[in-house]
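In what follows, a single structure is set out as structure tokens and then discussed.
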Amino acid sequence: MKKLKVCETIFKKAAGVAFLILPITVFLGCSKGGSGASFPAATSAGVGTGLGGAGRGPAPVNLNSAGNYIILAQSAITDVPTSAITGNVGLSPATGAGIGIACVEITGVVQSVDAAGPAPCVVTAPVTLTAAIGDKGTAYTDAAGRAPDYTELATGLIGGLNLGPATYRWSTAVSILSTLKLTGGPNDVWIFQIAQGLSIASGTQIILEGGALPQNIYWQVFSAADLGTTSVFKGTIISQTAIVMKTGASINGRLLAGTGVTLDQNSISP
Numbered sequence: 098m099k100k101l102k103v104c105e106t107i108f109k110k111a112a113g114v115a116f117l118i119l120p121i122t123v124f125l126g127c128s129k130g131g132s133g134a135s136f137p138a139a140t141s142a143g144v145g146t147g148l149g150g151a152g153r154g155p156a157p158v159n160l161n162s163a164g165n166y167i168i169l170a171q172s173a174i175t176d177v178p179t180s181a182i183t184g185n186v187g188l189s190p191a192t193g194a195g196i197g198i199a200c201v202e203i204t205g206v207v208q209s210v211d212a213a214g215p216a217p218c219v220v221t222a223p224v225t226l227t228a229a230i231g232d233k234g235t236a237y238t239d240a241a242g243r244a245p246d247y248t249e250l251a252t253g254l255i256g257g258l259n260l261g262p263a264t265y266r267w268s269t270a271v272s273i274l275s276t277l278k279l280t281g282g283p284n285d286v287w288i289f290q291i292a293q294g295l296s297i298a299s300g301t302q303i304i305l306e307g308g309a310l311p312q313n314i315y316w317q318v319f320s321a322a323d324l325g326t327t328s329v330f331k332g333t334i335i336s337q338t339a340i341v342m343k344t345g346a347s348i349n350g351r352l353l354a355g356t357g358v359t360l361d362q363n364s365i366s367p
């Protein structure tokens, strides 16, 4: 695991106003001049290129054919209208009767294992969907198996941080209770490995800076992912179970669920 040396509080001045940036972790053993001791990596809100520095981070997760979908689920896709979905939607092995989205909500193709999905936009594609579900599982395993650069950061409470491209792992749930920034270039990659659930609080957002792109951000989640009311999320969520978007939440990325996807007047776009 990478280490950083942090032994002092950072002060910045902008427009004559001093801002105090406090490290999120208590570092023991540091003297005023720095003891040279090495401590687990941490970051402070608003720091330059974030925790992982300006590097590219890990290699991207190959979604293969699962990447052709903006929503891909296995048991059901439910919706309280009206949502705005830009991209393809797929459900398998459950039948098309489990797709509760109207065609007017979708800019893209709806694929089902049978003809029971929403008319007239449903396309019967059982073989294609079986392959995509398999690729989703492979992508989940790939993301979960990457060697982490940082573990247990902020005990899973990552709101208020500014994280650079890297692989982050938690044995706990991860909660985003205030703005999370991800800073890096358009080729940089983030992988978040979460052994329990993922949640973002109502009205909270993920902000991308420095040219970072949502298609290079992967959230591998063992349990359910819950996106709070009017929250703004970035990246591809690959969950072993359900993904729930509360009223008015939006995402730039993908929803790839091991069970169902629940929508409520949401915006889902690449």
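Under the working numbering, read the sequence shown as residues 98 to 367, first letter to last.
Each residue gets a CB set at the ideal place from its N, CA and C atoms; glycine is no exception.
What you are looking at is a predicted structure, and each value in this text was computed from that prediction instead of being measured.
Exercise. Does the beta-carbon of Asn-284 have 16 or more other beta-carbons within 10 angstroms, so that it is buried, or is it exposed?
Worked result: exposed
Exercise. Tell me the DSSP bridge mates of Ala-270?
Worked result: Ala-270 is not bridged to any residue.
Exercise. Can you name, in chain order, every residue of its own chain whose Cβ lies under 7 Å from the Cβ of Ala-241, other than the five neighbours on each side?
Worked result: Gln-290, Gln-317
For this session: Identify the continuous beta strand (DSSP E) that holds Lys-331 and give its terminal residues.
Result: 329-336
For this session: Using the Cα positions of Tyr-265 and Ala-346, report the straight-line distance between them to the nearest angstrom.
Result: 24 Å
Exercise. Which partner residues does Arg-351 have in the DSSP bridge list?
Worked result: Thr-333
Problem set entry | Residue nearest to Pro-155 in terms of C-alpha spacing, selected from Ala-339, Gln-302, Ile-288, Ser-296 | Ile-288
Exercise. So Val-177 is in the alpha helix (DSSP H); what residue range does that whole segment cover?
Worked result: Segment 173-177 is the beta strand (DSSP E) holding Val-177; no alpha helix (DSSP H) there.
Problem set entry | Whole alpha helix (DSSP H) elements within the stretch 206-259, 4-residue minimum | 223-242
Problem set entry | Straight-line gap, Leu-160 to Lys-278 (C-alpha atoms, nearest Å) | 24 Å
Problem set entry | As assigned by DSSP and simplified to three states, the class of Ser-191 | Looking at the sequence shown, residue 191 is not Ser but Ala. In this structure, Ala-191 counts as coil in the three-state DSSP scheme.
For this session: Look at the Cβ atom of Ala-263, then the Cβ atom of Tyr-247, and state whether they are nearer than 8 Å.
Result: yes
For this session: Counting only the same chain and skipping the five closest in sequence on each side, list residues whose C-beta sits under 7 Å from that of Ala-199.
Result: Pro-178, Pro-215
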